[in-house]
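Residue numbering for the sequence shown follows numbering that gives the first Met the number 0, beginning at 0 and increasing consecutively.
All C-beta atoms, glycine included, are put in the ideal place defined by N, C-alpha and C.
So the structure is just underneath, and the comments pick up after that.
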Amino acid sequence: MRLPPFQFIVLTAFFGIFAFSSSTPAQRFNEQFRFDTKELESDIYARVNRQRTRRHLNMLVWDERLARVARDYSRQMSKESFFGHVDPRGKAVQDRIGRTDIISWRKVGENLFWVADLDDFGPLAVSKWMASPTHRDNILDREWTTTGIGVWCNDDSRCYATQIFLTD
0 MRLPPFQFIV LTAFFGIFAF SSSTPAQRFN EQFRFDTKEL ESDIYARVNR QRTRRHLNML
60 VWDERLARVA RDYSRQMSKE SFFGHVDPRG KAVQDRIGRT DIISWRKVGE NLFWVADLDD
120 FGPLAVSKWM ASPTHRDNIL DREWTTTGIG VWCNDDSRCY ATQIFLTD
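So, in structure tokens, the structure goes:
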């Protein structure tokens with residue numbers, strides 16, 4: 000059965016648009032988790048500092064060593080399928096910092112977040128932290144001077160964020 004030319008064009012356009020739009024979200028996710036985790040980290044960093052400056056608190060200084068520790072911990076939670084401040088071997092943020100070349104610090108803290116979708120990841124992480132009294136206290140603690148943020152996304156669409164706070 001042959002369709003008139005007009006119907007053929009309309010059906011081809013419809014199915015072409017449908018096929019393209021259905022594959023776009025997965026492709027966008029793959030591109031983001033493979034290439035844009037640093038952008039997500041920077042977004043969270045900027046949003047946390049905005050929360051602090053609105054309340055006349057000092058901006059936190061980015062520390063790449065802390066970011067590496069945070070990134071490694073986000074990856075560990077993803078790979079080992081757990082979520083918490085203490086890993087399955089009983090190690091906490093103090094232990095993770097202790098394995099680095101950061102030798103002098105007085106106080107350390109940590110915020111964690113995970114979500115199964117990348118849409119608005121940075122805004123969602125910071126808004127959820129600000130809605131939680133203990134996480135909010137971490138973000139707004141006057142003593143913090145330094146931070147590092149690490150994001151890791153896995154193949155099943157879950158993204159983890161770890162933010163480490165430090166006082167020298």
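- Cβ-Cβ separation between A66 and E40: approximately 7 Å, consistent with a contact (criterion under 8 Å).
- In the DSSP annotation of this structure, I43 is not part of any beta strand (DSSP E); the continuous alpha helix (DSSP H) holding it starts and ends at T36 to R53.
- Looking at the DSSP output, A160 sits in a beta bridge with F112 and V150.
- One Cα belongs to V114, the other to K90, and the distance between them is close to 23 Å.
- Around the Cβ of V68, a 10 Å sphere holds 16 or more other Cβ atoms; the residue is buried.
- With a cutoff of 8 Å on beta-carbon distance, W61 and G147 are scored as near each other.
- Around R51, the same chain offers N57, M58, L59, I138 and L139 as residues with beta carbons nearer than 8 Å, after the five sequence neighbours per side are excluded.
- Linking A45 to P87 through their CA atoms gives a straight-line distance of about 31 Å.
- Of the residues assessed, S73 falls on the buried side of the cut-off, its CB having 16 or more other CB atoms within 10 angstroms.
- Classified as buried, A124 has 16 or more neighbouring CB atoms from the shown chains inside 10 Å of its CB.
- Counting along the chain, no alpha helix (DSSP H) covers F82, and no H or E run does either.
- Excluding five sequence positions before and after G108, the CB atoms of its chain that fall closer than 6 Å to its own CB belong to N137 and F164, given in chain order.
- The beta carbon of Y159 lies closer than 6 Å to those of S73, M76, S77, W113 and W151 in the same chain, with the five residues before and after it left out.
- A straight-line Cα-Cα distance of about 13 Å links R141 and R53.
- Taken through DSSP and simplified to helix, strand or coil, K127 comes out as helix.
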